[in-house]
Amino acid sequence: MKKISFRNDVLPLKNELFRLALRITLNKAEAEDIVQETMIKVWNRRDNWNDINSIEAFCLTICRNMALDRSKAMNSRNMSIDDTPNEMPADHSYSSNPEEQTMMKDRIKLIRSIIDHLPEKQRSVMQLRDFENKSYKEIATILDISEEQVKVNIFRARQAIKQKYIETENYGL
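Just so we're aligned, residue 287 is where the sequence shown starts under this note's numbering, counting upward by one.
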């Protein structure tokens, strides 16, 4: 096993942890808090680092579990997902036509909304596979499920997104 360094091995994961927490909680402030708490928990377990096969999977698992706990706590307080603003990127490189830009922003907003309404496990596998480029094996380790379950959840998530997107585009909201 290699010697794990907090600075070189754990800290570079903060953006990846943030994206995972944000995808689960749908709240930027909560996601930031979760990343900070994840880093603290990982640091407090530094004596066990030599027993860990993948520090990345270890960190992502802690982050995911904390995000799920926070998300469940938010739901029990009857907070709505709609209370969190959807932040749009300031990237206008896809077109110089304002109408096309607006249509693209609307499509991105629709897809994000569809993803946000997927079941948690499907959202998590989508985040890890399509946005974080993790392998099926890594996702299975992080989520503590089989690789087959990972593939099934990704397939179902993509099918649900495709179906809902086509339905919305064809019939409107």
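For every residue, glycine included, the Cβ atom is placed at its ideal position computed from N, Cα and C.
Range covered by the alpha helix (DSSP H) that runs through residue 303: Residues 300-311.
What does the Cβ neighbour count give for residue 388, buried or exposed, with the cut at 16 atoms within 10 Å? Exposed, by the Cβ-count rule.
When the Cα of residue 322 is compared with those of 390, 349, 385 and 448, which residue comes out closest? For residue 322, the nearest C-alpha among the options comes from 349.
Please report the distance separating the alpha-carbon of residue 379 from that of residue 390. Bear in mind that the predicted position of residue 379 carries a pLDDT of just 47, short of 50, making it too unreliable to give a figure here.
Would the segment 336-346 and the segment 446-456 be scored as touching if the rule is three or more Cβ pairs under 8 Å? Result no; under three Cβ-Cβ pairs closer than 8 Å.
Would residue 302 be called buried (16 or more neighbouring beta carbons within 10 Å of its own) or exposed? By the neighbour-count definition (other C-beta atoms within 10 Å, threshold 16), residue 302 is a buried residue.
Given a cut-off of 8 Å on the beta-carbon distance, is the pair residue 359 and residue 307 in contact? Note that the C-beta distance between residue 359 and residue 307 is not below 8 Å.
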